[in-house]
RNA sequence: GCAGCCAUAGCUCAGUUGGUUAGAGCGCCUGGUUGUGGACCAGGAGGUCCUUAGUUCAAAUCUAAGUGGCUGUACCA
């Protein structure tokens, strides 16, 4: 390939039509579902004070090595970072504005992590998500999970699995962590070198290891579910019962640990069976009952999820669903008299809400008809010397052989409007 | 982070043991009809063979480094 002077930075890409239209449609579908469920959109800044994201957990890769951070020009300079996820921003917003709970918001937008890119993983990636702040009712958990589930279904995806777990809360997790740490330490000799390091920082995440050497030890490790207090167990059981009630299938996944430290109690992940194992997580979320307080707000429980749009669209490809939307151009104006009539006609059609397009540069009729066909337009509106002389336009059906007929310029918009119904 | 594979036209890819002017299909443009798209036919445009350095009389082809993409792994969405 001829090397262009500049290219999109590593791990980023341009999304061009028609793929961009498909993403827009997916975003619109998500927005509609979220609004139907009573969520309003939050538009937060793309960068925040680095401290906002440090609360995600000092031991997570996201915080320790994957942040795009920089200093601004202030005196003293402020240490800022591009957002690596949005839950922290939402909680910061809640702590800042103190809206009346329960506060239900949805979001969409690009997020940034400095990682090694590969298929389905980008340095700038796009997520949609929701957060419900201010309620620890298990029915809030169920509503959130159901919204995610329904969104995948609305795109046409069928092969999505829901993995469910409870990570406990401060009343029971310390005891479990202690038991887990003791167990893993006792069996340290059998663990991989990498896991021995992870064990020091965060024993929970050793459970996430997929290294073969660790498999045996991990499989026999104590499980959080066996340490839940009555209260957290009741919460978890209520979530399961609610999902049963809604007919949403799930798989209990007692070793499901998520990459961010703030999660408590309910945690879940959506997996696309149509994608290869390394990038098949298409969404995930859970409760983070301590995060708002960590960010300086009042003690506030919260639950939410984030879904990775890039991977969702890959899953749509794999399942061959959710095609790009039909072209908006309905009428292609072919003007062989120089183009100024096309200018007027297109403007009138567009004003009436009818998609209209044309070519430039005074091309031949043959060339213009070719472009008209390719545009996906349903009709060609042809303007030549004859039409100009009689104040008419020739309307030609491009998608069937019903031929063509003339209408007066004044009638064009209403004729087309009738034909499109 | 670690490891492997790959990089030739807008796209998908051929290119022999290193040897004239680097090819195909699709796409694009023009014409075949001085007013008509899709099918067909003819012609045309389009290339720093990723970059740099090296080996050689000679490099798309061999070597090294860099860059980018992909795959696995780690981790994550």
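Residue numbers (my numbering): 880 to 1300. Cβ coordinates follow ideal geometry from the N, Cα and C atoms, glycine included.
Quick one: is residue i buried, meaning 16 or more other Cβ sit within 10 Å of its Cβ, or exposed?
i            : result
residue 894  : exposed
residue 1015 : buried
residue 885  : exposed
residue 1126 : exposed
residue 1281 : exposed
residue 1163 : buried
residue 1265 : exposed
residue 1246 : exposed
residue 1253 : exposed
residue 1093 : buried
residue 1070 : buried
Measuring alpha carbon to alpha carbon, tell me which of the options ends up nearest residue i.
i            : options                : result
residue 990  : 890, 1126, 1012        : 890
residue 993  : 1017, 963, 1021, 986   : 963
residue 1157 : 1130, 1115, 1172, 1088 : 1088
residue 907  : 987, 1197, 1021        : 987
residue 1065 : 1239, 1099, 1032, 1130 : 1099
residue 998  : 957, 1189, 1210        : 1189
residue 1159 : 1149, 941, 1217        : 1149
residue 1035 : 1202, 1279, 1218, 1277 : 1202
residue 918  : 1136, 955, 1183        : 1183
residue 1139 : 904, 1230, 980, 934    : 934
residue 1018 : 1075, 1114, 957        : 1114
residue 1279 : 1291, 1298, 1265, 1266 : 1298
residue 905  : 1193, 952, 1067, 1120  : 1193
residue 1268 : 1251, 1231, 1229, 1220 : 1220
residue 1030 : 969, 1186, 1236        : 1186
residue 1023 : 1033, 978, 1008        : 1008
residue 1103 : 1236, 899, 1132, 888   : 1132
residue 1301 : 1012, 995, 1004        : Shown here, the chain extends from 880 to 1300; a query on residue 1301 therefore has no answer.
residue 924  : 911, 937, 972, 955     : 972
residue 909  : 888, 1191, 897         : 1191
Contact defined as beta carbons within less than 8 angstroms: I believe residue i pairs with residue j. What is the distance between those atoms, to the nearest angstrom?
i            : j            : result
residue 913  : residue 985  : 4 angstroms
residue 1010 : residue 1077 : Not quite, the Cβ-Cβ distance comes to about 28 angstroms (not below 8 angstroms), so this is no contact.
residue 1263 : residue 1287 : The Cβ separation is near 15 angstroms, so there is no contact.
residue 1213 : residue 1259 : 5 angstroms
residue 1026 : residue 1056 : Going by Cβ atoms, the distance from residue 1026 to residue 1056 rounds to 31 angstroms, so no, they are not a contact pair.
residue 1097 : residue 1134 : 7 angstroms
residue 1154 : residue 1197 : 6 angstroms
residue 1181 : residue 970  : 7 angstroms
Please return the same chain residues whose Cβ sits closer than 6 angstroms to the Cβ of residue i, not counting the five positions on each side in sequence.
i            : result
residue 1129 : 1041, 1043, 1122
residue 1175 : 974
residue 1178 : 1172
residue 1285 : 1271, 1273
residue 1048 : 1111, 1143, 1144
residue 881  : Residue placement at residue 881 is flagged as unreliable, the pLDDT there being 47, under the threshold of 50; the coordinate-derived value follows with that caveat. Nothing meets the Cβ criterion.
residue 1237 : 1212, 1221, 1225
residue 1244 : 1215
Just to confirm my understanding: we take residue i, look at its own chain, exclude 5 residues before and 5 after, and list those with CB closer than 7 angstroms. What are they?
i            : result
residue 960  : 926, 927, 929, 932, 946, 947, 948
residue 1275 : 1258, 1259, 1261, 1283
residue 1142 : 1046, 1165, 1166, 1167
residue 1028 : 1041, 1127
residue 1109 : none
residue 1251 : 1211, 1213, 1259, 1277
residue 1118 : 1017, 1020, 1021, 1145
residue 1000 : 994, 1158
residue 1200 : 1034, 1035, 1036
Identify the residues that DSSP records as bridge partners of residue i: which are they?
i            : result
residue 1006 : 988, 1187
residue 982  : 1012
residue 960  : 927, 948
residue 1181 : 1012
residue 1117 : Answer by DSSP bridge pairing: none, since residue 1117 is not bridged.
residue 1284 : 1274
residue 1150 : 1040, 1160
residue 1236 : 1211
residue 920  : 985
residue 909  : Note: residue 909 sits in no beta bridge, so no partner.
residue 1130 : 1042
residue 1258 : 1210, 1276
residue 1165 : 1146, 1183
residue 997  : 1000
In its own chain, which residues sit with a C-beta less than 8 angstroms from the C-beta of residue i, not counting the 5 before and 5 after it?
i            : result
residue 1248 : 1213, 1259
residue 1205 : 1255
residue 1152 : 1038, 1039, 1040, 1159
residue 1233 : 1209, 1210, 1292, 1295, 1296, 1299
residue 1106 : 1047, 1051, 1052, 1054, 1055, 1058
residue 951  : 957, 959
residue 1239 : 1218
residue 941  : 932, 935, 963, 964, 992, 1138, 1139
residue 1075 : 1067
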